[in-house]
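The structure appears right after this line, and notes come after that.
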Amino acid sequence: MAPPDPIPAARLLRRSLLPAALAVSLALPGCGKKGPPRAPLRIVPAAARDVRVRQIGGAVVVAAQLPGTLTDGAPLLAGSAARVLRMRATATLTPGAVSPRYLARQFEKEARVLATLGDDALPPATPGRPLLFRDRDARAAAPPRDGARGRGSGPPLFLYAIQIVDSEGRRSDLSPPVAIEIVDPPPAPAGLKAETAEGEVRLAWEEGAPAAEDYLYNVYRRQAGQEADVGAPINPEPLAEPRHLDRGFRYGETYFYSVRRLASRAPPLRESEGAAEVEVAPRDVYPPRQPTGLAVAVEGRVIKLYWFPSEEADLAGYRVYRRRGPAAEFVLLGEAGAAEPSFVDQTAAPGVRYDYAVAAIDSASPPNESARSQEQSETLPVDTPEEAPAAPGGRT
């Protein structure tokens, strides 16, 4: 019999491998198939964040955080600037009343640049730096809203936004516009006074307005060298009474306090001008409480002291005093740490009666020292065997 023809067998093999090869070729990337063209990456300054507005007196204060970078993360160079923009708004053209996209489009059409803050206000290469701008003519910029023109009656309503422009003229996206209704500010409080006590700065001021108005207040604090504070008040909730206790300060710092009267609880914040600032430099002149529970005992060839630990928040440690008999003066023997309410007197001479007392000290500079504890006495025996049991504390 003649051998089978090899050509049909090869054809069959190719036919069986073709579907698998086709599947692999379709799965492999870069087979010449092109997708839709992609737009080049647009690198511009990163947009301002956390844009907020508030009214203080007759001015609108605009605050924001500036990333200080381009959208690819590179730092902004010198010559960059922040533009503050403002637009007169209506009740139907505010955030929430229309879509963010439509609001941004209308803002871009109608807003005008109020100020361009350059390198003097925006040091280069400082990511996260704050921006602060006061629009002092906001109330005079527009008359009250006119109901006859379909805008609704009421105080002027404005939108504000921030845009960053780099040294090459590239512009960031606008920050989402934020709205504020400008109102007649309430009268500023007067007669602000401050006094210090242990752990407290006590503030009080004159109401300066009829009690029927039911005004509320916010208290502000800044450290020496800082600009006037336009951040959050130090009181967690508006104050109904003309007084406040501040316990959040630090000794050794100098502070300036002011208080403003609220026009309304409704956000954004709208307040009066601040009362004349008062300067306060709290100093820690308050000693800790006197230690208690002092006991002394002979332990081998030394005298050991124990006392109850103090619970003072600013406790820095203890000072141990000793005198040689009732007629002598107490002298400083040594110190113990705040976490070690005990001390070992290794210099006691055998046969001599010693009186001991302990005082607490705080972390002030210089430290304040408490009154001394109640005295306790002990004598190291002349011949004290090392194996002898310890004598009870407080023995005279």
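Residues are numbered in the working numbering as their position in the sequence shown, beginning at 1, plus a constant of 3.
Ideal placement from N, C-alpha and C gives every residue a C-beta, glycine not left out.
- Residue ranges of uninterrupted beta strand (DSSP E) with 3 or more members, entirely inside the stretch 173-259 and ordered along the chain, are 181-184, 193-200, 203-209, 220-226 and 246-249.
- L96 carries a coil assignment under DSSP once its states are collapsed to helix, strand and coil.
- Residue state for A362 is assigned as strand, using DSSP reduced to three classes.
- Beta-bridge partners of T72 (DSSP): P78.
- Taking 9 Å as the cut-off, the Cβ atoms of L134 and I165 count as close.
- For G337, the pairing in a beta bridge is given by DSSP as V323.
- Between I185 and R142, the gap from beta carbon to beta carbon is short of 9 Å.
- Taking C-beta separations shorter than 6 Å and ignoring five residues to either side along the sequence, the partners of P344 in its chain run W310 and P312, following chain order.
- Of the residues assessed, A50 falls on the buried side of the cut-off, its CB having 16 or more other CB atoms within 10 angstroms.
- In the assembly as shown, I183 is a buried residue. Its beta-carbon has 16 or more other beta-carbons within 10 Å.
- Looking only at P78, R104 and Q109, the smallest Cα-Cα distance to T93 is reached by Q109.
- Comparing C-alpha distances from A243 to each of F252, E209 and V204 shows the shortest one belongs to E209.
- When the Cα atoms are used, A193 and R139 turn out to be separated by approximately 22 Å.
- The Cβ-Cβ distance between V204 and L265 does not fall below 9 Å.
- Beta bridge pairing from DSSP links R57 with V64.
- Contact fails between the stretch 266-279 and the stretch 333-349, because fewer than three Cβ pairs, one in each stretch, are under 8 Å apart.
- By the Cβ neighbour-count rule, I167 is buried, with 16 or more other Cβ atoms within 10 Å of its own.
- Rounded to whole angstroms, the gap between the alpha carbons of R89 and A319 is 55 Å.
- With respect to the C-alpha of R45, the residue from F333, V222 and D75 having the closest C-alpha is D75.
- Sixteen is the threshold: since fewer than 16 other Cβ atoms of the shown chains lie within 10 Å of the Cβ of Y105, the residue is exposed.
- DSSP places Q379 in the strand class (E or B) of the three-state scheme.
- Note that the stretch 357-367 touches the stretch 278-295; at least 3 beta-carbon pairs, one per stretch, sit closer than 8 Å.
- Cβ-Cβ separation between G337 and V323: approximately 5 Å, consistent with a contact (criterion under 8 Å).
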